[in-house]
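Novice:
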Amino acid sequence: MHYFDHSATTPLHPQVKNLMDEVGELHFGNPSSVHSFGRKARALIETARKQMATAIGCKPQEIIFTSGGTETNNLVLWDVARSDKKHVVTSVIEHPAILKTLENLSDFGVTFTSVGVDEKGLVDPQDVENAITDETGLISIMLANNEVGTIQPITDISAIAKQHSIMLHSDAVQALGKIPINVKELGVDCMSFSAHKFYGPKGVGALFIKNGIKLKPLIYGGSQERAMRAGTENTIGVTGMGLAAELAAKNVVTSADHFHSLTETFKKQLKKILPNAVYHGHPNHHLPGLISVSFPGYRNDLLMAHLDRRGIAVSSGSACSSGDVKPSKILSAMNVDDDLNICTLRISFGLGNTLEEVTILTKAINSSLEQIRSAA
Amino acid sequence: MSEKIVVGMSGGVDSAVSALLLKEKGFDVECVFMKNWEEDSEYCTTEQDYKDALMASEYLDLPLRTVNFTHEYKDRVFNLFLKEYAAGRTPNPDTLCNKEIKFKAFLEYALALGANRIATGHYAKIERTNGSINLLKGADKKKDQSYFLYMLNKHQLDKAIFPLGDVTKKDVRTIAKERGLPNYNRKDSTGVCFIGERDFKEFLLQYFKLNPGDIVTDDNKIVGRHDGLTFYTLGQRQGLGIGGGYGFKEEPWYVVNKDIENNKLIVVQGHDHPALFHKELIINNLHWVSGKCPEKTELSAKIRYRQRDKKCTIIKCNKNELIVEFEEPQFAVTPGQATVFYDGDICLGGGKIKSRN
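Sequence lines, in order, name chains A and B. Under this note's numbering, the first residue of the first sequence carries the number 1, and numbering increases by one thereafter. Under this note's numbering, the first residue of the second sequence carries the number 1, and numbering increases by one thereafter.
1. Checking 8 Å against the spacing of the C-beta atoms, do B/Ile303 and B/Gln337 come in under that value?
2. Would you give the residue range spanned by the alpha helix (DSSP H) that B/Cys97 belongs to?
3. Between the C-alpha atoms of B/Ile260 and B/Lys209, what's the straight-line distance to the nearest angstrom?
4. Leaving out five residues before and five after B/Asp52 in sequence, what residues of the same chain have Cβ atoms less than 7 Å from its Cβ?
5. For A/Lys162 and B/Glu84, what's the separation of their Cα atoms in angstroms?
6. Taking only the alpha-carbon atoms, compute the straight-line gap between B/Gly213 and B/Ile222 and give it to the nearest angstrom.
7. Buried or exposed: where does A/Ile213 fall if 16 or more other Cβ atoms within 10 Å of its Cβ makes it buried?
8. Residues in the same chain with beta-carbon distance under 7 Å from A/Ile132, minus the five sequence neighbours each way, listed in chain order, please.
9. Using a Cβ-Cβ cut-off of 6 Å (strictly less than) and excluding sequence neighbours within five positions of A/Ala319, which residues of its own chain qualify?
10. Could one say the Cβ of A/Asp257 lies closer than 8 Å to chain B's Cβ atoms, at least one of them?
11. Using only the alpha-carbon positions, how far apart do A/His258 and A/Val293 sit?
12. So, with DSSP's three-state summary, where would you put A/Val117?
13. If you follow the alpha helix (DSSP H) that B/Lys354 is part of, which residue opens it and which one closes it?
14. Which class does A/Cys320 belong to by DSSP, given the choice of helix, strand or coil?
15. Establish whether the CB of A/His2 and some CB of chain B are separated by less than 8 Å.
16. What does the Cβ neighbour count give for A/Gly200, buried or exposed, with the cut at 16 atoms within 10 Å?
17. Report the rounded CA-to-CA distance for A/Gly242 versus A/Ser194, giving the unit in angstroms.
18. Using the Cα positions of A/Ala172 and A/Asn300, report the straight-line distance between them to the nearest angstrom.
19. Can you pull the chain B residues whose beta carbon is under 9 Å from the beta carbon of A/Lys326, in chain order?
20. For B/Asn357, which residues from the same chain have a beta carbon less than 6 Å from its beta carbon, with the 5 sequence-adjacent residues on both sides left out?
21. Reducing DSSP to helix, strand and coil, say where A/Ala206 ends up.
22. Is A/Gln15 close to chain B, meaning its C-beta is less than 8 Å from at least one C-beta of that chain?
23. Find the nearest neighbour of B/Val361 within the set B/Lys177, B/Phe103, B/Gly131, B/Leu152, judged by alpha-carbon distance.
24. Just grab the DSSP bridge partners of B/Phe200 for me.
25. Return helix, strand or coil for A/Glu370, following the three-state DSSP convention.
26. Return the chain-ordered ranges of every alpha helix (DSSP H) run that is complete within the segment 239 to 306 of chain A and spans a minimum of 4 residues.
27. Within a Cβ cutoff of 7 Å, which residues of the same chain sit near B/Asp158, ignoring the five residues on either side of it in sequence?
28. Please go through the same chain and pick out, in chain order, the residues whose beta-carbon is closer than 7 Å to the beta-carbon of B/Leu60, but skip the five residues on each side of it.
29. Looking at the C-beta of A/Arg39, does it have a partner C-beta in chain B at a distance below 8 Å?
30. Where does A/Val314 fall in DSSP's three states?
31. Just how far apart, CA to CA, sit A/Ile312 and A/Leu303?
32. Strictly below 7 Å CB to CB, what residues from chain B border A/Ala375?
33. Here's the rule: buried if 16 or more other CB atoms are within 10 angstroms of the residue's CB, otherwise exposed. What is B/Ile315?
Right, dumping it as structure tokens:
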């Protein structure tokens, strides 16, 4: 079995798994308790907060732990619904955790403008500026896209946000561990993360929120997480996320080299099999290890089934709850026509993938294409 | 290597048992979940169906693929369905779905997956005898679904297996329960997926505007108002809103015709009113399993799914059209619906009701 769908989710890093096992077994105390059991759990969570903060270049008190990327994005957006300025500028290629939330927040008076992208999947900061109105209270643009891997010009957008005194949020769920992240250099006010995208556990996320900014909670109760996220902390998960973030940030340069060599090998091998394969995304501003590629004439659901049968996991785009395969809205936004759109696979490499596996992948693609051709 | 069969897995018990039976017979089975309708609502529960299909296929240790035919379905089935309604007829999308989606788009997909044949959970049989292929009624006469398959040709049937052809629905439930299939007691789906169990008029209102007009008797007396001819079916009794004070008897009113030109809905009183019955029908859009008009003319036919076959005689049959005469007058013959012909248990094919004489 060969897994090339790391943008959907990653396995637990063995060190993370060991740590979580240990915490689960020994440190069950409530972090809010003052006795030794509670103090131990509290110390673990604060260690994780420090690890997370160090990984993205902020202070520990600027980290809020949540249940994942979706909750984190919701936390930021719901605050807009309860503010004076209820207009949001976002982009058409955001994750549903942003776009669906905004659509539903219309019930609470929130309006939004989603700017388009060019054919490489890039947002134009000028479009963002043009979309700003007197009512704009938030700009939310993702750091890197989950389907095509294009990295957005967040520092340029941040300059615009500052100039207009508008809060800037960026969904960085896909980026941590693939590119170095420094929230201060990027100039964002808040940023979303999800542990399971960088070899941490599912069900844990984090929000970077710049000192001085306070968000109204989504979930009320106790005063955990600086009263912005009530509920007894998920000690096991948070501990796992902290270590996973530390490892991700520490290894980001070497892993980028690894991803680069896997990607180049793949492209070289695929060129021999299918010279007319079409790659999507930006040639330079691109997440390492994420490949969006069209196989003209071969619909992706069929191709995926052939690859799955050969024990190979890839994706047709973003993962979806009904196992559904349909034209990608992101590719459409990038002006990719429907015929090519439905022939597109996303291959996302992980730390464990090897060059040998890339060869297995391209061979499997080759035999799949041959089998499909022979049946036609 | 054993023959590769791709089973269309809907999440329901019929397709799950089909997969189980084929696996036990030693076929190399793969399952495919078809998504034919985009909307996921309280009526069209695609996500739950997928999860049920997944649980069943995981239980059987068979791989499940997903394929999206929403584009094809809209193009080749749904648009035609709307066109028929717009013309005042009452189409049956399931027959077209079988012809265009399950036994065409899905078949092509399965063949491209390397399958030798496809299987579905239809209650019908395929008989292969010295070079010819026949479509037969299923062993469960109450459940027989050959009616919905009349548009299939020899080539399509040649590439299909119906594992439930020889069993009854009761058998299927028993097998599913005994073998522990997770969906053994799942409710049968009724009607067309995209309509679901909602009020049909409410569904049509998404596509057609209200176009009110008079409801008149067959001697042109106004007895009420209708919302638009599209929303009514010939033979319909409920929902006419004709109050007391009309007619002489306590008997209910029935839709007997649509006067499209004058936007009038014509009704008569009483189930036995002669205007509701016709013996002679003109059928067009013919599809024969064999590819040509049947040689035998003394046959039986169904003019809707849930009814027994009725004795009839084909008076004239050419490539495009036929005239059939039933032994007994038929109630509420509905243009747009399928008339399907049988020679005993053999389903010969049929066509769309064009008009009645």
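Here a beta-carbon is modelled for each residue, glycine too, at the ideal position from N, C-alpha and C.
Specialist: If we stick to the structure as given:
1. yes
2. 93 to 97
3. 15 Å
4. Gly11, Asn183, Arg186
5. 58 Å
6. 10 Å
7. exposed
8. Val89, His164, Ile166
9. Confidence at A/Ala319 is low in this model, with a pLDDT of 48, below 50, so the placement of that residue should be treated as unreliable; the coordinate-derived value is given next. Result list for A/Ala319: Ala8, in chain order.
10. no
11. 20 Å
12. coil
13. No alpha helix (DSSP H) holds B/Lys354; the beta strand (DSSP E) holding it covers 346 to 356.
14. Its pLDDT being 49, under 50, A/Cys320 is placed unreliably by the model, and the measurement read from it follows with that caveat. Coil at A/Cys320, not helix or strand.
15. no
16. buried
17. 11 Å
18. 27 Å
19. Lys35, Glu38, Asn68, Thr70, His71
20. Glu280
21. strand
22. no
23. What is shown of chain B runs 1 to 357, which leaves residue 361 of chain B out entirely.
24. Note: B/Phe200 sits in no beta bridge, so no partner.
25. helix
26. 252 to 273
27. Ile133
28. Ala19, Leu20, Lys23
29. no
30. coil
31. 11 Å
32. Leu111, Ala112, Gly114
33. exposed
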